[in-house]
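There are 2 protein chains.
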Amino acid sequence: MIHGKNLIGFEQFANGTQTFQTYNPADLRELPELFVQATDAEVDLAVEKATAAYGTYKKTSGTAKASFLRAIADEIEELGTALIERASAESGLPEGRITGERGRTVNQLRLFASVLEDGSWVEASIDPAMADRKPLPRPDIRKMLQPVGPVVVFTASNFPLAFSTAGGDTASALAAGNPVIVKVHPYHAGTNELVVGAISRAAQKCGMPDGVFSSLNSSDFTVGQRLVLHPAVKSVAFTGSFGGGKSLYELAQSREEPIPVFAEMGSVNPVLLLPEKMKGETENLAATIAGSVNLGAGQFCTNPGVLVALKSNETDAFKSALVKQVQALAPQAMLHENIFKNYTKKTAEIFAETAVVKLSESATGASTLKGRPAVANITGADFLAKPDLVEEIFGPFSILIECADEAELMDVLKKFKGQLTGSVLGAGDDFRKFESHIRVLQEVVGRLIFNGVPTGVEVCYSMHHGGPYPSTTDSRFTSVGVDAIKRFVRPVSFQDAPDDYLPDELKNANPLNIWRRVDGELTRKTI
Amino acid sequence: MIHGKNLIGFEQFANGTQTFQTYNPADLRELPELFVQATDAEVDLAVEKATAAYGTYKKTSGTAKASFLRAIADEIEELGTALIERASAESGLPEGRITGERGRTVNQLRLFASVLEDGSWVEASIDPAMADRKPLPRPDIRKMLQPVGPVVVFTASNFPLAFSTAGGDTASALAAGNPVIVKVHPYHAGTNELVVGAISRAAQKCGMPDGVFSSLNSSDFTVGQRLVLHPAVKSVAFTGSFGGGKSLYELAQSREEPIPVFAEMGSVNPVLLLPEKMKGETENLAATIAGSVNLGAGQFCTNPGVLVALKSNETDAFKSALVKQVQALAPQAMLHENIFKNYTKKTAEIFAETAVVKLSESATGASTLKGRPAVANITGADFLAKPDLVEEIFGPFSILIECADEAELMDVLKKFKGQLTGSVLGAGDDFRKFESHIRVLQEVVGRLIFNGVPTGVEVCYSMHHGGPYPSTTDSRFTSVGVDAIKRFVRPVSFQDAPDDYLPDELKNANPLNIWRRVDGELTRKTI
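Going line by line, the protein sequences match chains A and B.
Taken in order, the first sequence gives residues 1 to 527; the numbers are from this note's numbering.
Taken in order, the second sequence gives residues 528 to 1054; the numbers are from this note's numbering.
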């Protein structure tokens, strides 16, 4: 079944000599198939095919692109249990979780299809000519978003489907009208290959151009670096570590023509526990937090890595409850040996800090790659003296910062760097009383959550999954939800263009019946 | 009248010892006033005041910000002839041009005021909760754009008013809710000071916070560099040379937290002259092009620096007509000795190239700083062999690339780097016949103009003034028109936020009656 080759346009290539295998993190069993790393020539060929395909694909209608995305979703579902089993085997994630993630993946594809069918996403804007304007006539100016060219997608380790081969980055880049080249995550090469087959079949069934999609295997940095440096590549999407995202960003900036890198690099996602809430629901709160910390073995970019509270008897009670909860948690297999080793090393390091008190870890010990859930404690004063202590530890870990008073709490909140999310849990008068604190937190987050945990990211119109640096490289764009499409477009204005040259979105007759801004007013009317 | 000091918030500072003067490029006469360069401490103070002001200003309502912008416009008009005379004296530009530019400046401020009064620009989006959704309930998610923090504006040399102290960058950054620090252009320090006074009076009359606006004098790079590297500065706008923009961009990327730099760096703005058009209107066409080349002594980022045509008898006739037109042009004073020297040097260099034929220059010779309009000629083959020959020469110069046939024309168009604009002049069947050529040009421009010259940039909703690199550092954003406001904002999502915490734009009752996307549908309805 699994052939281990690269897909470049509609053709398979395996001219390289370097191979790699994947393995199951749950039992450390190596999976038998060999994946052949793409050669330099294959990388270049993928970009050339993408560039050629772009000429056709950028002109493809919204409805045709929508059919393509729907066909990808259908083909992924057609893969059935083979995909679920393979993704589970390569990630160590339970089949239930993978099944849910497949649902999210096909829903995302269909959501972008519906956005394309609606058509209004292009932000069409028309300022008709004013021939009689003084001192000079006004020309006719029309504007809309257009695609940018080949996009390189680096797939994520922690979402083998929803942030991977046919995940949100690929779906939004294809929806925008750009060919996509996927740099395969070496942990999930088999899962990738199955999904690549689905995309390729969908592209051929829908008459999409050869080169609209390619997938390149790689177990080191060479393929990704060559892709990012290729002059014909116009944009890059990445989900992963701060180190990885930062290097790709710097590489892209070093080009003669710098290009955007949308790197989603995770964060500590501070959770502010307010006093009234602490009073009422200590046990519930501890259970909710512990569950969020250990969800997916803590391997979410929205994992609650930091808790913040005021010192009080209630906070002490919360700590006791949290200790109990964490002790009872069952460790889960982490995604990879490197991730497990890193988690074990980082938690050991932070526990060795004199300012840090280890509160608890799960009673069940770590076995194979199972990361042991753990929580720790630090005073606000110690955190303020050494804020760099509190950095993301990828895994089921969280540290509680206990503040002496409201002023110290404010200072602590002001120390946080850019975050994907910030959560505030309050009751009674909490939100009003701590409003100025919450507004400080709002300033450094992409999403502000009230009475909820940060894990769980809705795929919808209003989602913003993109916080200030260093949580992402570009806080102006989201990697989740409908507006993720805006990462891979740029506006173009047309001045006094003949109606038949204009894209349908800007023609006088508004043949697509989309919302347009005409002289600044939203309308569906014709010109 | 002119005091030469820095304005930091509402206070004047002049603790520095380094001073500079401005002079009139039309007669090389030095203007008497001394301007005191800002010290490091003054730079830091401006950023501190801006940061403090941000806390208040970001919460200021749209209507209050609109009143502020309108008050700035009124105060600028109140300056009367003093401003016109000073700006003309410091730029060498005729008073008529400066009066027109003042009109554009106050119109821009009032346009942004109207955008704020309307309120819909924040892209409010609401996905209400679905408590019954399976398998999990959907939380309430709402999103809108919010300001980012202190913005540094580097003012342009070629627009002493409209792209300067109270120009489009300042207007859009203030409109978005960000304090602004202007790094004064040393050529126009007196003009700046008059406008700074207007902004300061407007801010005080409207009760805006101290620090919402500051202006720092500088005749070297130190002040600008310190500003860009200050951790509390969140965004930078610049209009000027490629070298200047690129250094600021790289400086901003070198920070621990990289920040956006919106640098508008100009381009050669190719003008494609198509055969049918050439046949009918040789004389008119030559007059139009010559006028556009010499407009404002060619010192526009949209100056038509390159003409492209097919070799033909008509093109020969066009060249003869262009030669006559250019010879008859009157040289105008350039903005500064450096600009004039650079123009003279660059034109001499390109004329010395063996592949380049000097077609014509104005009969009137250069005197003081008057740049002599000139046009040159190169074959398509020679351009393809050495495309770097054709780079922007800031001033009244243009080079005609004559292509042997349609295939060579295509190759030439494919060689162009990112451009602010591309123009196509055609008649009869031209646009249809050359559609594939035009679409190649479209791919590298921010604005595609049909039967018009690139000079003249409308300030409207549909304007996109921002082409692919190297014409700007970020082709996704415009520096002219309403959407310029989007440079200085980022989206934030609110999840399950109490109604009274939410900004008015996202409250259930829609108290501002703005357009919002609710479950993906545009509406003004309440929730």
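Every residue, glycine too, gets a C-beta built ideally from N, C-alpha and C.
Contact with chain A by Asp843(B), beta-carbon distance below 8 Å: Mapped onto the second sequence, residue 843(B) falls at position 316. Output row for Asp843(B): interface = no.
Amino acids of chain A, ordered along the chain, whose beta-carbon sits closer than 8 Å to that of Asn978(B): Indexing the second sequence from 1 puts residue 978(B) at position 451. What Asn978(B) touches in chain A: Asp496.
Span separating the alpha-carbon of Arg70(A) from that of Ala113(A): Position 70 of the first sequence, counted from the start, is the residue given in the question as residue 70(A). Position 113 of the first sequence, counted from the start, is the residue given in the question as residue 113(A). So the two alpha carbons sit approximately 7 Å from each other.
Proximal residues to Ser594(B) (C-beta, below 8 Å), its chain only, five neighbours per side dropped: Within the second sequence, the letter at position 67 stands for residue 594(B). Hits under 8 Å: Ala640 and Cys733.
Proximal chain A residues relative to Ser989(B), where beta-carbon distance stays under 7 Å: Residue mapping note: residue 989(B) aligns to position 462 of the second sequence, counting from 1. In chain order: Ser125, Ile126, Asp127, Ile141, Arg142, Lys143 and Ser493.
CA-to-CA distance, Glu604(B) to Gly630(B), given in whole angstroms: As a working note, residue 630(B) is residue 103 in the second sequence. As a working note, residue 604(B) is residue 77 in the second sequence. The alpha-carbon separation between Gly630(B) and Glu604(B) amounts to approximately 9 Å.
Check: Glu575(B) C-beta below 7 Å from any heavy atom of the ligand ZN: The model depicted lacks the ligand ZN and carries no ligand whatsoever.
Chain A contact for Arg974(B) (CB, 8 Å cutoff): Within the second sequence, numbered from 1, the residue matching residue 974(B) stands at position 447. The Cβ of Arg974(B) sits closer than 8 Å to at least one Cβ of chain A.
Residues near Lys5(A) by beta carbon distance below 7 Å, same chain, minus five either side: To locate residue 5(A), count along the first sequence from 1; it is residue 5. Result list for Lys5(A): Gln12, Phe13, Ala14 and Val36, in chain order.
Same chain only: Cβ atoms within 6 Å of Ala237(A), ignoring 5 sequence neighbours per side: Working through the first sequence from its first residue, we reach residue 237(A) at position 237. Excluding sequence neighbours, Ala237(A) sits near Val153, Asp169 and Phe262.
Complete alpha helix (DSSP H) runs within the region 808–868 of chain B (minimum length 4 residues, chain order): Listed in chain order, they are 809–821 and 840–855.
Inter-residue spacing [alpha-carbon to alpha-carbon] between Val642(B) and Trp648(B): Residue numbering aside, residue 642(B) sits at position 115 when the second sequence is read from its first letter. Residue numbering aside, residue 648(B) sits at position 121 when the second sequence is read from its first letter. Roughly 7 Å between the two C-alpha positions.
Buried or exposed by the 16-neighbour rule on C-beta atoms within 10 Å, applied to Glu435(A): Position 435 of the first sequence holds residue 435(A). Exposed is the call here.
Short CB-CB distance (under 8 Å) between Phe686(B) and chain A: As a first step, residue 686(B) must be located in the second sequence, where it is residue number 159. No, because no Cβ of chain A sits closer than 8 Å to the Cβ of Phe686(B).
Contacts that Ser475(A) makes with chain B (C-beta to C-beta distance below 7 Å): The count along the first sequence starts at 1 and reaches residue 475(A) at position 475. Here the neighbours are Arg1017.
Proximity of Leu484(B) and Asn830(B) at Cβ, strictly below 8 Å: No statement about residue 484(B) is possible, as the shown extent of chain B runs from 528 to 1054 and does not include it.
Closest by C-alpha distance to Ile668(B), when choosing among Pro677(B), Met657(B) and Thr809(B): Sequence index remark: in the second sequence, residue 668(B) carries index 141 (1-based). Comparing alpha-carbon positions, the option among Pro677(B), Met657(B) and Thr809(B) lying closest to Ile668(B) turns out to be Met657(B).
Pick from Leu322(A), Val148(A), Leu161(A) and Gly305(A) that is closest to Met278(A), judged by C-alpha positions: Along the first sequence, read from residue 1 onward, the residue named residue 278(A) stands at position 278. Considering only alpha carbons, the answer is Leu322(A).
Entirely enclosed beta strand (DSSP E) segments - the region 887–940 of chain B, minimum 3 residues: For the region 887–940 of chain B, whole beta strand (DSSP E) runs of length 3 or above, ordered along the chain, are 901–906 and 924–930.
8 Å Cβ cutoff met for Tyr161(A) and Glu101(A): As a working note, residue 161(A) is residue 161 in the first sequence. As a working note, residue 101(A) is residue 101 in the first sequence. Here residue 161(A) turns out to be Leu, not Tyr, going by the sequence shown. Cβ atoms of Leu161(A) and Glu101(A): closer than 8 Å.
Neighbourhood of Glu117(A) by C-beta, 8 Å cutoff - its chain only, sequence neighbours within 5 removed: Along the first sequence, read from residue 1 onward, the residue named residue 117(A) stands at position 117. Within the same chain, Glu117(A) has close Cβ partners Gly62, Thr63 and Ala66.
C-beta atoms of Ala651(B) and Arg1043(B) nearer than 8 Å: By 1-based counting over the second sequence, the position of residue 651(B) is 124. By 1-based counting over the second sequence, the position of residue 1043(B) is 516. Closer than 8 Å, so yes.
Whole-angstrom distance between Gln673(B) and Phe537(B), CA atom to CA atom: Start at 1 with the first residue of the second sequence, and residue 537(B) comes out as number 10. Start at 1 with the first residue of the second sequence, and residue 673(B) comes out as number 146. C-alpha separation (whole angstroms): 25 Å.
Cβ neighbour criterion (16 or more within 10 Å) applied to Pro511(A): Within the first sequence, numbered from 1, the residue matching residue 511(A) stands at position 511. Exposed is the call here.
8 Å Cβ shell around Gly467(A) - same chain, five flanking residues per side excluded: The sequence position of residue 467(A) within the first sequence is 467, counting from 1. Same-chain partners within the cutoff: Ser267, Gly418, Gln419, Leu420, Thr421, Val444, Val445, Gly446, Arg447 and Ser475.
Selection of the region 775–788 of chain B by Cβ proximity to chain A, strictly under 7 Å: Residues passing the 7 Å Cβ filter: Gln780, Glu784 and Pro785.
Option nearest Leu522(A) by Cα separation, candidates Ile126(A), Lys415(A) and Ile393(A): Here residue 522(A) is taken as the residue at index 522 of the first sequence, counted from 1. Distance check between Leu522(A) and each of Ile126(A), Lys415(A) and Ile393(A) places Ile126(A) closest, using alpha-carbon atoms only.
Arg665(B): contacting residues in chain A (beta-carbon distance under 9 Å): For the purposes of this step, residue 665(B) is taken as the residue at position 138 of the second sequence. Glu458 and Cys460, listed in chain order.
contact_flag[the region 861–875 of chain B, the region 909–922 of chain B] where n(CB pairs < 8 Å) is 3 or more: Counting C-beta pairs with one atom in each stretch, the region 861–875 of chain B and the region 909–922 of chain B have three or more that are closer than 8 Å, which means they touch.
Amino acids of chain A, ordered along the chain, whose beta-carbon sits closer than 9 Å to that of Asp659(B): If you number the second sequence from 1, residue 659(B) lands on position 132. Simply none; closest approach about 15 Å.
Chain B contact residues for Thr478(A), given Cβ-Cβ distances below 9 Å: In the first sequence, residue 478(A) corresponds to position 478, counting from 1. Chain B residues near Thr478(A): Lys670, Pro1018 and Ser1020.
N-terminal and C-terminal residue of the beta strand (DSSP E) that Thr81(A) is part of: Numbered from 1 along the first sequence, position 81 holds the residue referred to as residue 81(A). Element bounds for Thr81(A): not the beta strand (DSSP E) but the alpha helix (DSSP H), Thr81 to Ser91.
Own chain, CB closer than 6 Å to Val356(A), minus 5 neighbours either side, in chain order: Locating residue 356(A) in the first sequence gives position 356, where the first residue counts as 1. Here the set comprises Ile350, Ala376 and Ile378.
Exposed unless 16 or more other CB atoms sit within 10 angstroms - verdict on Lys507(A): Residue 507(A) sits at position 507 when you count from the first residue of the first sequence. Buried, by the Cβ-count rule.
Below-8 Å beta-carbon distance, Gly1047(B) vs any chain A residue: The residue labelled residue 1047(B) in the question sits at position 520 within the second sequence. Output row for Gly1047(B): interface = yes.
Of the residues Gly520(A), Ala484(A) and Thr22(A), the one placed nearest Ala173(A), counting alpha carbons only: The residue given as residue 173(A) occupies position 173 in the first sequence. For the residues Gly520(A), Ala484(A) and Thr22(A), the minimum Cα distance to Ala173(A) belongs to Ala484(A).
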